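Report on one structure; see the data block that follows.
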Amino acid sequence: MQRIGVDVGGTFTDLILWDDHGRTVVHKTPSTPADPSVGTMEGIEALAERAGIAVSDIGMFFHGTTVATNIVLEHNGCDVGMITTDGFRDLLHIARKKRPLNYSNYQDLPWQKWQLVPRRNRRTVVERIDATGTVITPLDEDGVREQARLLRDRGVQAIAVCFLHAYRNPAHEERVREIIAEEYPGVFVSLSSHVAPQYREYERFSTTALNAFIGPQVSSYVTHLAESARTAGIGGEVHLMTSAGGLVTARSASETPVSLLTSGVIAGLLGGCAIGRASGYPSVITLDVGGTSADVGVAPDGRLRMKHLLDTRIGDYHAMVPMAEVDTIGAGGGSIASVDQGGMFRVGPRSAGAVPGPACYGRGGTEPTSTDAMVLMGWLREDSFLSGSMVIRPELAREAVQKHIADPLGTGVDRAAMGIFKVLAHSMTEAISLHSVRKGYDPREFSLVAEGGAGPLFAWHIAEQLGIPRVIVPRHPGIASAMGLLTTDIRYEIPTTVWTSSAAPNIPLIAEQMKRLEEEARAQLRADGVGDEDITLERSADCRYMGQGYELRVHAPDGQIDEDWVAATAAAFHDVHGRTYSQRFEDKPVHLVNIRVTGVGAVPHVVIGQIEASGEDPAEALKTTARALFWRDEASEPEWVETPVYERSRLKAGNRISGPAIIEQFDSTTVIGMNQQATVDTVGHLILERTNA
Amino acid sequence: MTALMPPTGVSLAGEAVRTWNDVDVDPITLRVIGGALNSMAKEMAQVLYRMAYSSLIRESEDLGAGIFDVSGRELCESDSTPMHCGSIPAYIRGINRRLAGTYQPGDVILHNHPYHGAAHSPDYGVMIPIFWEGKHIGFAGCTGHVSDIGGNFPGLCMDVVDVWAEGKLMDSMKIYEAGVRNEMLIQHILDNVRTPEQNRGDLEALIACSRLGERRFTELLGKYGLDTVMSAADRWMDYSEEMLRQRIREIPDGSYEAPIGYLDDDGKNRGVPLKVAVRVQVDGDDVLVDLTGSNDQVPTAFNVPFEGSVLPTAVSAIRTILLDEHLTEEFVPQNDGCFRPVKAYAPEGSIFNPNFPASCFARFSQINRVFDSINLALSPVVPDRAIAGSSAALCAIAYSGLAADGESYWVYIEINEGSYGGRHGKDGMDCVDTLMANTRNNPIEELELNHAMRALRYELRSDTPAPGQWRGGIGSRRTWLMEVDTFIGSEADNRSDPPAGALGGHDGSAGAFIRNPGTDREEVLFSKVTQEVCKAGDVLEIRLPSGGGFGSPFARDPRAVLEDVLDEYLTAEDAHRDYGVVVDTVTWSVNEAATRELRSARAVS
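Chains as they are written, first to last, in numbering that gives the first Met the number 0: chain E, 0 to 692; chain L, 0 to 604.
So, in structure tokens, the structure goes:
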């Protein structure tokens with residue numbers, strides 16, 4: 000069977016095909032933002048042609064998309080109405096009432112400036128459920144009907160239904176959905192008890208409103224894409240990547256599009272995990288560097304870690320949905336370097352973007368970018384840019400660096416260029432360190448996977464800075480995300496709040512809820528056509544010490560729910576708390592706040608095939624030599640070195656390259672530092688390691 | 000120190016005591032060390048609030064963390080509540096006066112003395128001396144507001160006789176000495192508070208936070224060496240100082256006075272408002288915030304620690320107005336350099352510089368008012384950076400009662416948000432913490448799971464926001480039903496003189512505490528109450544002040560007025576009366592012709 004992964008980014012759509020013989024074929028095509036499915040379908044045809052197959056031979060279609068993300072970032076979702084508990088009309092407007100900036104009277108509060116639901120469409124109805132789930136004020140059904148009609152008359156395209164304590168008792172929200180179906184059939188409806196059934200009203204309401212905000216557009220995109228795929232003869236359902244790193248069906252994605260928000264970046268991390276596994280190094284840190292931003296992720300033993308509740312944000316909004324830990328920072332090839340009024344040297348987060356782009360593109364950009372710096376250091380040559388199909392003007396890069404950096408700092412262009420690179424690389428180093436490695440993971444136990452067009456330019460240096468022993472540069476760094484789509488399973492995660500203590504656990508409650516969640520997860524997978532033999536269920540729990548405010552997520556054991564189960568879950572929590580905060584309090588009772596079940600439907604994973612082997616000598620791949628700037632170690636001055644330049648596609652397994660060296664391929668360039676060497680392994684990955692010179 | 004204060008004021012800036020050799024630092028290394036300092040402070044704060052117990056620390060992020068040199072000069076601070084960070088240098092001066100020369104590796108010092116640097120006594124400070132090659136070179140420190148400190152009343156206090164009555168004071172206590180934990184001392188501290196389990200957890204979180212800072216800073220020293228790191232830190236301080244001085248130089252020299260403000264009362268002598276006088280003197284690139292003329296100190300807890308609270312406020316206000324993070328492209332790190340150009344003065348024996356042992360537990364409403372007044376004083380010279388008056392108080396309410404076991408207390412402190420005044424080009428921010436405060440609210444669903452209180456309402460106020468070309472922000476309205484008998488203590492100020500309008504904008508509106516509103520038992524409570532009893536079944540409504548308007552309402556874009564009508568902030572009558580805008584309530588659109596006519600008629604009259 001032929002399987003394809005299609006990752007639609009802002010600029011490019013990346014495609015990869017994998018067949019039963021282990022063959023992979025890749026393709027890259029410009030995205031079509033107006034209707035991304037156009038670029039996607041064209042890309043699939045081109046890919047099929049390149050692979051010599053018919054489109055109708057494709058049996059599985061896995062998809063990563065930034066459609067949902069872009070709607071949120073660009074604030075262009077639909078008109079949303081909300082039905083909420085009387086007395087609580089403005090929870091979305093008040094949010095957590097903490098300003099994003101400390102020292103600013105002129106800032107905008109994003110949730111007030113770009114409201115998901117304008118106040119006029121936030122409608123209240125009389126009803127109330129208490130913290131135990133008991134109805135203390137019955138639902139005013141006439142009121143619901145009246146508000147539903149009003150929202151219909153106003154033409155809202157989606158309605159979020161958000162009641163207090165609905166995570167405990169969804170009855171009122173479900174009744175509202177029935178009434179809406181009568182009064183305003185066909186409108187997109189989101190219930191807080193379905194989208195995010197956990198306590199914390201602001202986060203739950205915001206997630207539900209966000210789901211409604213992006214719902215109609217995302218579901219129409221997904222449905223349209225699924226239809227196009229069917230029309231083209233592609234078999235099986237379209238599956239989409241979620242923020243939690245699992246796949247869901249188009250149907251499920253249409254109902255809870257909020258689960259797709261970080262789809263694209265997670266695929267890159269999953270791809271990195273597969274790349275690491277293929278080279279025999281399962282613990283990976285991934286670094287995906289593009290034009291304006293860099294994504295960093297950490298996966299100990301190739302397992303994704305989920306973000307802390309306070310960090311599951313998208314743009315200006317909070318989304319209480321599981322998101323794997325990947326952080327995005329404003330550092331990329333287009334990051335602008337400057338010297339500010341106070342004389343400080345800065346690089347990023349401002350970016351020259353695609354227009355005007357780096358100075359060396361000659362499209363009107365005059366400010367120096369990291370790309371300009373790397374052109375001046377001789378790392379990027381004309382051949383580096385889409386195999387020479389783009390004209391590069393190094394003299395413009397020189398002029399920009401001279402004027403904006405070298406002169407103000409009173410230094411030479413060489414040192415200034417090196418400085419731009421190092422300062423930008425440092426922001427990536429900090430991101431890896433702060434968001435990931437400082438959470439108790441030792442970088443010496445990881446490998447750094449370089450992804451994206453620019454990742455392999457930076458990885459060698461970052462690995463040295465952090466003491467990461469090796470860098471893995473996959474065969475197609477630019478396609479890592481698309482490949483990640485072919486490396487995971489169908490996953491549905493369902494949470495519920497149980498709110499009980501390890502000191503006096505409500506075991507019947509946990510058991511009953513766990514059973515319910517497992518049945519729901521199984522039912523969801525069966526509805527997707529997953530056979531029982533391919534289904535596994537994973538349990539986890541969100542715990543904290545009694546009295547703390549924030550939970551940490553831990554794996555919970557299988558088997559019967561009893562005292563031992565509670566003890567084992569508590570023990571797992573002590574470990575995670577110890578790792579996260581360097582402190583454990585074994586004498587304190589553990590608060591089990593939420594339990595979660597993830598239903599996993601197994602899907603065959605891509606296997607990265609071997610490449611042709613040869614001896615150590617890479618001479619056949621040598622293209623030329625070129626002068627490039629390198630430095631021996633952090634403290635030493637940069638020096639110009641006549642550096643060999645290799646063609647990636649001509650490298651063979653077993654080849655060994657000593658740094659400094661530059662390796663070029665269609666959409667990416669790899670740099671190997673002075674005290675490093677690279678080996679091509681059996682699957683064609685470059686493995687960069689430090690030599691003991 | 001305050002005894003010697005010259006009338007020219009004092010600053011928070013520390014004196015440089017060199018424990019290193021000053022060296023050149025190249026621009027790249029400088030950048031890298033600056034980034035590392037900022038991220039270590041951030042990481043410290045994250046550890047603290049994610050593992051803390053007190054709702055004030057964990058939800059409200061009522062905390063601060065940073066790295067300091069031996070004399071307390073701030074190298075970096077976390078991005079949490081401004082009030083805390085600026086105060087840590089003063090804590091360090093407080094502990095240095097007792098402990099300088101006795102520090103050993105492995106010491107952990109607990110301090111909360113409000114006359115020796117603490118912002119106020121419930122803000123526990125935990126400082127760890129950092130050693131490098133056997134020499135004491137600095138401190139990692141943090142502060143956090145704990146739930147109770149064993150004073151006369153649970154949680155908060157107002158009507159107390161002196162500083163001993165407000166809580167247990169800890170003056171430079173080594174809870175670890177050379178790595179050895181003083182378990183007896185810690186036990187003694189916890190035995191004397193009402194929330195020992197919470198305080199224990201918070202203390203561990205504070206220690207973990209400072210230890211992390213110590214570790215991270217030592218790692219940085221290991222990588223770059225003491226001389227380079229400290230020299231780089233010095234350059235960053237000079238940088239922040241210079242960035243702020245550049246802006247101060249743009250303001251003409253002169254003395255700028257805010258309108259005299261009044262606080263409701265002192266919590267005991269009802270009906271006696273307290274005067275707040277603020278004058279800002281700009282002289283070249285120096286600023287003096289002079290509080291001469293403000294009220295004498297009061298016989299309750301409503302006084303302000305000068306060093307730990309007034310000084311950080313003066314600095315934050317000037318920095319916010321002149322280097323507003325939203326309007327300033329460069330990221331200017333908060334450090335000792337920001338303190339240098341700003342001095343403050345308050346006469347001894349005044350509410351802003353009380354004489355020992357007057358209690359000074361409840362100081363936030365006063366200092367937020369100082370911030371607001373600094374802004375109002377400067378508004379004529381920086382109209383595009385100043386704003387109309389904000390709620391500029393702090394509405395903290397402590398709810399407490401005996402727990403079901405009959406032995407321990409439950410205490411829940413809630414900080415209710417306010418709102419901002421209108422701004423040049425923008426409406427005021429609604430329902431948000433203001434000025435020196437920046438805390439999070441607690442989820443209602445969590446409170447209802449934990450305490451016998453039920454929320455009946457949490458919404459924007461329903462009355463009209465202050466008219467202006469850019470209208471004032473809207474305060475919130477929160478209503479609680481007490482399900483059991485509950486004690487209430489508060490340290491709010493409801494703004495009996497409401498937030499001031501600016502440049503023709505209207506004044507904002509006052510706040511209120513109302514018990515059992517809309518019933519025959521309705522009763523308006525004072526903004527400051529001490530151990531007030533609410534019976535089971537009582538309802539408490541809290542209304543927060545709404546900010547003032549900015550510019551003439553008749554200059555407001557009629558479409559913005561229409562939007563406010565559609566969002567039910569205004570009625571069509573309000574639009575007509577306050578803005579001269581005629582809204583057609585059939586088509587829900589602006590009647591342009593009628594509006595023009597109405598506005599021109601008003602302009603003539």
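Note that the Cβ used here is the ideal one computed from N, Cα and C, for glycine as well. Small disclaimer: the values here were computed from a predicted structure and weren't measured.
Review point. Which chain L residues sit within Cβ distance under 7 angstroms of E:P256?
Key: Working through the first sequence from its first residue, we reach residue 256 of chain E at position 257. Chain L residues near E:P256: none, gap ~25 angstroms exceeds 7 angstroms.
Exercise for review: May I ask you to report which of helix, strand or coil DSSP gives E:I671?
Suggested key: As a working note, residue 671 of chain E is residue 672 in the first sequence. Three-state result, E:I671: strand.
Point to revise | For E:A453 and L:N198, the rounded distance between their alpha carbons | key: In the second sequence, residue 198 of chain L corresponds to position 199, counting from 1. In the first sequence, residue 453 of chain E corresponds to position 454, counting from 1. Approximately 49 angstroms between the Cα atoms of the pair.
Check your understanding: Quick one: what's got a C-beta closer than 6 angstroms to E:A620's C-beta in the same chain, skipping five residues either side?
Key -> By 1-based counting over the first sequence, the position of residue 620 of chain E is 621. If we look at E:A620 and ignore the five residues flanking it on each side, its Cβ neighbours are Y645, E646, R649, L650.
Review point. Of all the options L:L189, L:K222, L:I108, which has the alpha carbon lying nearest to the alpha carbon of L:A177?
Key: As a first step, residue 177 of chain L must be located in the second sequence, where it is residue number 178. Checked all of L:L189, L:K222, L:I108; the closest Cα to L:A177 is L:I108.
Point to revise | Buried/exposed call for E:F87, threshold 16 Cβ in 10 Å | key: Here residue 87 of chain E corresponds to residue number 88 of the first sequence, with the count starting at 1. E:F87 should be labelled buried.
Review point. In its own chain, which residues sit with a C-beta less than 7 angstroms from the C-beta of E:E172, not counting the 5 before and 5 after it?
Key: Looking up residue 172 of chain E in the first sequence gives position 173. Excluding positions up to five away in sequence, the list reads V160, F162, A165, L190, S191, S192.
Check your understanding: Whose C-beta lies closer than 7 angstroms to the C-beta of L:G254 among residues of the same chain, with five residues either side of it excluded?
Key -> Residue numbering aside, residue 254 of chain L sits at position 255 when the second sequence is read from its first letter. Checking the sequence shown, residue 254 of chain L turns out to be Ser, not Gly. Contacts found: R278, Q280.
Practice item. State yes or no: is the C-beta of L:H325 within less than 7 angstroms of the C-beta of E:S103? Key: As a position in the second sequence, residue 325 of chain L is number 326, starting the count at 1. As a position in the first sequence, residue 103 of chain E is number 104, starting the count at 1. In this structure, E:S103 lies closer than 7 angstroms to L:H325 by Cβ.
**Study point:** Chain-ordered neighbours of L:Q197 on chain E, where CB pairs are closer than 8 angstroms
**Key:** Position 198 of the second sequence holds residue 197 of chain L. Chain E residues near L:Q197: G546.
Exercise for review: Can you give me the start and stop residues for the alpha helix (DSSP H) that L:P332 sits inside?
Suggested key: Here residue 332 of chain L corresponds to residue number 333 of the second sequence, with the count starting at 1. No alpha helix (DSSP H) holds L:P332; DSSP gives it neither H nor E.
Exercise for review: Would you please verify whether the beta carbon of E:H317 is less than 7 angstroms from any beta carbon of chain L?
Suggested key: Residue 317 of chain E sits at position 318 when you count from the first residue of the first sequence. So, not an interface residue.
Exercise for review: Could you tell me whether any Cβ in chain E is nearer than 7 angstroms to the Cβ of L:T1?
Suggested key: In the second sequence, the residue the question calls residue 1 of chain L occupies position 2. Unreliable placement is indicated for L:T1, whose pLDDT of 45 sits below 50; no coordinate value is reported for it.
Exercise for review: Using a Cβ cut-off of 8 angstroms, pull out every chain E residue sitting near L:C430, in sequence order please.
Suggested key: By 1-based counting over the second sequence, the position of residue 430 of chain L is 431. The contacting residues are D89, H92, I93, K96.
Review point. For the segment 493-524 of chain L, which residues have a beta carbon sitting closer than 9 angstroms to at least one beta carbon of chain E?
Key: none
Review point. Do you know how far the Cα of E:E444 is from the Cα of E:L687?
Key: In the first sequence, counting from the first residue as 1, residue 687 of chain E sits at position 688. In the first sequence, counting from the first residue as 1, residue 444 of chain E sits at position 445. About 15 angstroms.
Exercise for review: Helix, strand or coil for E:G483, going by three-state DSSP, please let me know.
Suggested key: As a working mapping, residue 483 of chain E is identified with position 484 in the first sequence. The answer is helix: DSSP assigns E:G483 an H, G or I state.
Check your understanding: DSSP state of E:I15, grouped into three classes?
Key -> By 1-based counting over the first sequence, the position of residue 15 of chain E is 16. Looking at E:I15 - three-state DSSP - the assignment turns out to be strand.
Review point. Quick one: what's got a C-beta closer than 6 angstroms to E:H604's C-beta in the same chain, skipping five residues either side?
Key: As a working mapping, residue 604 of chain E is identified with position 605 in the first sequence. Here the set comprises T486.
Practice item. Under 7 angstroms between beta-carbons, which chain L residues line up against E:R122? List them in chain order, please. Key: Numbered from its first residue, the first sequence carries residue 122 of chain E at position 123. Correct list: empty, because the minimum Cβ distance to chain L is about 11 angstroms.
Check your understanding: How would you list, in chain order, the residues of chain E whose beta-carbon sits under 8 angstroms from the beta-carbon of L:M242?
Key -> On the second sequence, position 243 is the one that residue 242 of chain L refers to. Q340, G341, listed in chain order.
Practice item. Pick out whichever of L:F301, L:G116, L:V286 has its Cα sitting closest to the Cα of L:V159. Key: By 1-based counting over the second sequence, the position of residue 159 of chain L is 160. Considering only alpha carbons, the answer is L:F301.
Review point. If we count Cβ pairs, one from each stretch, closer than 8 angstroms, do we get three or more for the segment 654-669 of chain E versus the segment 612-619 of chain E?
Key: yes
Review point. For E:A625, which beta-bridge partners are listed by DSSP?
Key: As a first step, residue 625 of chain E must be located in the first sequence, where it is residue number 626. Answer is E:T642, bridged to E:A625.
Point to revise | Inter-residue spacing [alpha-carbon to alpha-carbon] between E:L269 and E:A323 | key: Residue mapping note: residue 269 of chain E aligns to position 270 of the first sequence, counting from 1. Residue mapping note: residue 323 of chain E aligns to position 324 of the first sequence, counting from 1. Each residue's Cα considered, the two are about 10 angstroms apart.
Review point. Roughly how many angstroms separate the alpha carbons of E:A540 and E:I594, rounded to a whole number?
Key: On the first sequence, residue 540 of chain E is found 541 positions in, with the first residue counted as 1. On the first sequence, residue 594 of chain E is found 595 positions in, with the first residue counted as 1. Cα to Cα, the separation comes out at about 4 angstroms.
**Study point:** Contact set between L:T584 and chain E, taken where Cβ atoms lie within less than 7 angstroms
**Key:** In the second sequence, the residue the question calls residue 584 of chain L occupies position 585. Those within 7 angstroms of L:T584 in chain E number zero; the least Cβ separation is about 14 angstroms.
Review point. Using the rule of at least 16 other Cβ atoms within 10 Å of the residue's Cβ for burial, across every protein chain shown, is E:D586 buried or exposed?
Key: In the first sequence, the residue the question calls residue 586 of chain E occupies position 587. Per the 10 Å Cβ criterion, exposed.
Point to revise | For E:T241, the nearest candidate out of E:A231, E:S227, E:S219, E:G267 (CA to CA) | key: Position 242 of the first sequence, counting from 1, holds the residue named residue 241 of chain E. Selected option, being the one with the closest Cα: E:G267.
Review point. Residue ranges of each beta strand (DSSP E) run of no fewer than 3 residues wholly in the segment 159-235 of chain E, ordered along the chain?
Key: 187-190
Check your understanding: Is there a Cβ from chain L that is less than 7 angstroms from the Cβ of E:F420?
Key -> Walking along the first sequence from the start, residue 420 of chain E turns up at place 421. Cβ-Cβ to chain L under 7 angstroms: no for E:F420.
Point to revise | Short CB-CB distance (under 7 angstroms) between E:L433 and chain L | key: Mapped onto the first sequence, residue 433 of chain E falls at position 434. Answer yes: the Cβ-Cβ gap between E:L433 and chain L drops below 7 angstroms somewhere.
Point to revise | Distance between L:S389 and L:R598 (C-alpha atoms, nearest Å) | key: Numbered from its first residue, the second sequence carries residue 598 of chain L at position 599. Numbered from its first residue, the second sequence carries residue 389 of chain L at position 390. Rounded to whole angstroms, L:R598 to L:S389 spans 28 angstroms at the Cα level.
Point to revise | Reduced DSSP category for L:L674 - H, G, I as helix; E, B as strand; rest coil | key: Coverage of chain L is limited to positions 0 through 604, which leaves residue 674 of chain L absent and any answer about it impossible.
Check your understanding: Around the C-beta of E:S219, are 16 or more other C-beta atoms found within 10 angstroms, so that it is buried, or is it exposed?
Key -> Numbered from its first residue, the first sequence carries residue 219 of chain E at position 220. Exposed: under 16 other Cβ atoms inside 10 Å.
Exercise for review: Compare the beta carbon distance of L:A117 and L:S308 with 7 angstroms and say whether it is the shorter of the two.
Suggested key: The residue given as residue 117 of chain L occupies position 118 in the second sequence. The residue given as residue 308 of chain L occupies position 309 in the second sequence. No, the pair does not count as a contact, with Cβ atoms beyond the cut-off.
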